[in-house]
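Residue numbers (the UniProt record's numbering): 1 to 371. Glycine included, each C-beta is placed from N, C-alpha and C at the ideal position. Everything on this sheet refers to the single structure shown next.
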C-alpha cells in the first residue's frame, strides 16, 4: 500500500550551484503502523533516535498534543529490513509512560534516553534488554529533590518554562546538552552537575527553532530563531553575547545543520535551503528542495557525504562532495503521497538505510541505491 514514489532519471539544473538533480528511488521500502499502546495513545510519532551501539533498534515517542496518554517505546526497526509484517511483540521491545507529548528525544551512549516533553524533560534508563525505566525529571519547579530509589523519581532543576523545540548534545560528553524552544531560552545543561541541571542560560528575543553542538568546535553552541537569525555562542562563557551572528533576513528559519567546518545549512518553512560560510560571514548558495515543501530538519551522515532533509511532506536524500561545495538530490521517499503532514527521518546502521516516522503513526525503513 505504501510505496516510495519512483521517477524516470532526469537532470534539473539549479541556478544556485546545487545542480544535477537525480532520483533513483529506493530498493527496499517497508513500513508498519505502531500497534498496541502507541496507537491507543497517539497516531503521531516523533523523530526516532537510534541505538548508539549501531543496531537498528530505535526509541520512539508519541507526539500528539491532544492525546490523553503518551508513551515512549523501544522498537526493533531492523525487523522491517527482513519482513513487511512483523509480529507486534517482536517489533516493540518495551513501552513506558511519558508525562506529556514528546517533542524531542535522544538515546545517548550511557544507556539513557533524554525525552523533552512540554516544558520539562525525563531521563529513562535503557537496559541491555531494551527495557525502559524513568530515572529522573528535569523541571523548572524542581525544588523537591527526591532520593532515587526503586519507587522514587529524582527531580532536577532546569531553566525552561515552555515547550522545547530541540536538544543538542556535547559530542565528547553526552551528559552535557543544549536546549531551546518556545520560551526563547537557550540553556546549557549537565546531568552530572547535581540537583541544578542548567549550568547557564540566555534569553533571546524570539522563539528558538533549532540548537546545535558542533563536533568540530566543542566550545561552541549554535541556535536559530524563527525570524531568520543564526547565533553562535562560546559555551565557556555566560553566553550573554553571541560570538557570531548572521541575519538571513527571511522568516520561518526552522532548522540548521553544521555539516562541515565553517559551513552551515539553514532550512526554511518555504522549502529553501541556504548555505552560509561562517568564516567569511557570507551566503554561498541557496536552493529549494524539490520534494520537501517546508524544511523541518537537516541531518548529516557521520561520513559527511550524505544529508537527510525532512519536513512537510517528504524525505529527501542529498549527496555532498568532500568539499561541501556541491550537493545533489539523490533519492526521496514518500509513504503518503498527496497528504500534507510532518515527517521525520534518521539514518540507520548503514548510510543507505533511512528510518522514517510521520504524523499518521507509520514507521518506515528505506534502503537507497547509492553509488
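Check	Outcome
Between the CA atoms of residue 272 and residue 320 - distance to the nearest angstrom	17 Å
Separation of residue 277 from residue 251, as counted between CA atoms	20 Å
Cut-off 6 Å between Cβ atoms - residues of its own chain near residue 63, not counting five sequence neighbours on either side	44, 46, 101 and 102
Backbone CA spacing between residue 131 and residue 282 [nearest angstrom]	48 Å
Residue environment, residue 275, which counts as buried when at least 16 other CB atoms sit within 10 Å	buried
Minimum C-alpha distance to residue 367 - residue among 361, 341, 104 and 317	317
Cα-Cα separation, residue 291 to residue 153	44 Å
For residue 263, the first and last residue of its enclosing beta strand (DSSP E)	263-268
Collapsed DSSP secondary structure at residue 242 in the structure displayed	coil
Segment contact, 8 Å Cβ cut-off, at least three pairs: the region 257-270 with the region 233-244	no
Classification of residue 268 by the beta-carbon crowding that lies within 10 angstroms, buried from 16 upward	buried
Range of the contiguous beta strand (DSSP E) that encloses residue 116	112-117
Cutoff 6 Å; reference residue 358; Cβ partners in own chain excluding five residues on either side	341 and 343
8 Å contact criterion, which residue 58 and residue 75 should meet: CB distance rounded	5 Å
Expected contact under 8 Å - CB spacing of residue 224 and residue 209 to nearest Å	5 Å
CA-to-CA distance, residue 195 to residue 140, given in whole angstroms	12 Å
CA-to-CA distance, residue 253 to residue 227, given in whole angstroms	6 Å
For residue 211 and residue 178, believed in contact at Cβ under 8 Å, the rounded distance	5 Å
Same chain, Cβ closer than 7 Å to residue 181, neighbours up to 5 away in sequence not counted	160, 162, 163, 164, 165 and 208
Coarse secondary structure for residue 369, derived from DSSP in three states	coil
The alpha helix (DSSP H) enclosing residue 374, as first and last residue numbers	Coverage of the chain is limited to positions 1 through 371, which leaves residue 374 absent and any answer about it impossible.
Check whether residue 105 and residue 115 have beta carbons under 7 Å apart	yes
Within 7 Å, strictly: CB atoms of residue 202 and residue 109	no
Residue 276 - containing beta strand (DSSP E), residue span	272-277
Status (buried if at least 16 other CB within 10 Å, exposed otherwise) for residue 347	buried
Unbroken beta strand (DSSP E) run spanning residue 260, endpoints	253-260
Assigned exposure category for residue 375 - 16 Cβ within 10 Å defines buried	Coverage of the chain is limited to positions 1 through 371, which leaves residue 375 absent and any answer about it impossible.
Residue 78 in three-state terms, based on DSSP	helix
Backbone secondary structure at residue 237 - three-state DSSP	coil
Residue 349 versus residue 50 - alpha carbon distance	8 Å
Nearest residue (CA-CA) to residue 113, options 303, 52 and 249	52
Counted within 10 angstroms of its Cβ, other Cβ atoms place residue 222 as buried (16 or more) or exposed	buried
Run of the beta strand (DSSP E) containing residue 58, from where it starts to where it stops	57-61
Top-ranked residue by Cα proximity to residue 214, from 313, 68 and 169	169
Range covered by the beta strand (DSSP E) that runs through residue 170	164-170
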